Amino acid sequence: MIGAGLDFSGPPLRPNLQSLVLPKPNRSFRLPKKASFALRIVASSAMLTLLLTQFPADDLQARWPEWQASSWLWICVSLLLTLAAFGLASLRWLEVCRTLGASVSFSKVFSYFLAGQFVGNFLPTTVGGDILRVTRMGAEIGDHSRAFASVIIERLTGWVVLPVITLCALILSPSLTSSRRGAVALAAALGTLVLLSVLIFVAQHPRFGGRLQGQNRVTASLVAVHQGLKIYRKVPGSMLRLLTVAVAFQACLIAAVICIANSIGIRLETSTWFAFIPMVFVAQVLPIAIGGLGVREAALVFFLGGSFIASGQSVVLGLLTYAVTLIASLTGVVPFIFGPRRQNTEGAL
Numbered sequence: 370m371i372g373a374g375l376d377f378s379g380p381p382l383r384p385n386l387q388s389l390v391l392p393k394p395n396r397s398f399r400l401p402k403k404a405s406f407a408l409r410i411v412a413s414s415a416m417l418t419l420l421l422t423q424f425p426a427d428d429l430q431a432r433w434p435e436w437q438a439s440s441w442l443w444i445c446v447s448l449l450l451t452l453a454a455f456g457l458a459s460l461r462w463l464e465v466c467r468t469l470g471a472s473v474s475f476s477k478v479f480s481y482f483l484a485g486q487f488v489g490n491f492l493p494t495t496v497g498g499d500i501l502r503v504t505r506m507g508a509e510i511g512d513h514s515r516a517f518a519s520v521i522i523e524r525l526t527g528w529v530v531l532p533v534i535t536l537c538a539l540i541l542s543p544s545l546t547s548s549r550r551g552a553v554a555l556a557a558a559l560g561t562l563v564l565l566s567v568l569i570f571v572a573q574h575p576r577f578g579g580r581l582q583g584q585n586r587v588t589a590s591l592v593a594v595h596q597g598l599k600i601y602r603k604v605p606g607s608m609l610r611l612l613t614v615a616v617a618f619q620a621c622l623i624a625a626v627i628c629i630a631n632s633i634g635i636r637l638e639t640s641t642w643f644a645f646i647p648m649v650f651v652a653q654v655l656p657i658a659i660g661g662l663g664v665r666e667a668a669l670v671f672f673l674g675g676s677f678i679a680s681g682q683s684v685v686l687g688l689l690t691y692a693v694t695l696i697a698s699l700t701g702v703v704p705f706i707f708g709p710r711r712q713n714t715e716g717a718l
């Protein structure tokens, strides 16, 4: 194992992991979980209401497809692509774990990932899906700091490729940048890429990331990335494989959206999907709504509504995409219920 000789057991990450899972006394003011959850519900409801009032109700009803055999077929294909994306994400996580020196099977990684998907999509008031993955993986390998680093790096590689996919699509179809939505997508992709590059630079630099202490989520994430990148600098080929799997993962999710669009009669150029959908994915992970509900639909209306498709169709596309994600996440029910549930002072479940 390449990372077997690297020490992840130091104090920076363990206190932070415990603070993410267990209550921490005497900490700075933070919005209670129930209040935060309520605000996110309000935000999702407000955005959906605003969108639905922008066009007549009968227009939205007209955008729902007259379901045919082909419609159901497209939905089934999108579901299979979403599940395939889950498998690729698990493979990406497995690659990170093994590079960091953790010996674990794909079946374990896949079950922990599915359980995390279920928690993240159906139990938003409890610990997040990523924290469940950290605690279960930490219990499996006996090192919560290494598990935390593996999840952070796995997520980071998924985010990095999104703006790259958008930029490549815009380069291949430069005419898309002539519109306002194309210019916004270009600016958002460049801004996201610059922000992530700065975070990675800070995390891997010995004078910054090497001196950080994991006192909150941001600094603990930077510490995790710093420790992980110390290994990846020695094996750049592993990072290349990781990014390749990340591109395949995002491509599966984009293809799933295209299949859902086909089910309701939306036909667009492939370059259009690959230029704008990654920025929709970036928007929907913002922690201001439940499961991206409302944010995703607003982003679809902005990037696709009007010139390409009707705004009502954009909203329907977003709602169906969310529904397919929820259905796919139900595969995590069994791993969540029957997975390891022990708890210790380090915050493991």
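Per the working numbering: the sequence shown = residues 370 to 718. Cβ atoms here follow ideal geometry from the backbone N, Cα and C, with glycine treated the same way. In this text, all values refer to a predicted model and were calculated from it rather than measured experimentally.
Cβ neighbour criterion (16 or more within 10 Å) applied to residue i
i    : result
G606 : exposed
W441 : exposed
N385 : Low confidence applies here, because N385 scores a pLDDT of 46, under 50, leaving its location unreliable and the question unanswered by this model.
G634 : exposed
Q619 : buried
Q682 : buried
A538 : buried
K477 : buried
V703 : exposed
F705 : buried
F707 : exposed
P532 : buried
V664 : buried
S566 : exposed
S632 : buried
A471 : buried
G511 : exposed
Identity of the residue in the options nearest residue i by Cα
i    : options                : result
F487 : Q596, T690, L699, V473 : L699
V446 : A615, S472, C621       : C621
I521 : G511, N490, I569       : I569
F482 : P709, F707, G701       : G701
C628 : L564, L539, G687, L609 : G687
S679 : L448, A518, L637, L611 : The sequence shown places Ala at residue 679, rather than the Ser named in the question. Measuring from the Cα of A679, the nearest candidate turns out to be L637.
F672 : N490, V594, R550       : R550
F650 : L501, S640, V529       : V529
P656 : I646, F479, F643, N490 : N490
L669 : M648, F475, N631       : M648
L609 : I444, A453, S439, R461 : R461
F455 : S480, T535, A518       : S480
D499 : G511, T561, A518       : A518
I534 : G660, T613, A692       : T613
E464 : G497, S514, E523       : E523
A557 : R505, A453, E666, I646 : I646
A692 : P709, V553, G674, G661 : G661
Q653 : T694, S632, V594, G674 : T694
L492 : P709, F677, I659       : I659
G597 : W443, T561, S514       : S514
F475 : L501, G497, M506       : M506
C466 : Y601, G497, L555       : Y601
A630 : V685, V604, K599       : V685
Opening and closing residue of the alpha helix (DSSP H) in which residue i lies
i    : result
L457 : 438–468
T504 : 498–510
E523 : 513–541
P605 : 605–632
L699 : Element bounds for L699: n/a, residue is neither H nor E.
R665 : 664–673
P323 : Lying outside 370 to 718, the shown extent of the chain, residue 323 is not represented and no answer is given.
V478 : 475–491
Rounded Cβ spacing between residue i and residue j (contact assumed at less than 8 angstroms)
i    : j    : result
T690 : V626 : 6 angstroms
T526 : L450 : Wrong, their Cβ atoms sit about 20 angstroms apart, outside the cutoff.
L448 : A697 : 6 angstroms
A624 : L545 : Not a contact, Cβ separation roughly 19 angstroms.
E509 : V563 : That belief does not hold up - the Cβ atoms of E509 and V563 are roughly 36 angstroms apart, past 8 angstroms.
V503 : A516 : 5 angstroms
S459 : L541 : The pair is not a contact, with the Cβ atoms about 30 angstroms apart (cut-off 8 angstroms).
Per DSSP, the bridge partner or partners of residue i
i    : result
C569 : Inspection of the sequence shows that residue 569 is occupied by Ile rather than by Cys. DSSP output for I569 lists no bridge partner at all.
I678 : G674
Test: residue i CB closer than 8 angstroms to a CB of chain D
i    : result
A453 : No chain D is present in this structure, which holds just one protein chain.
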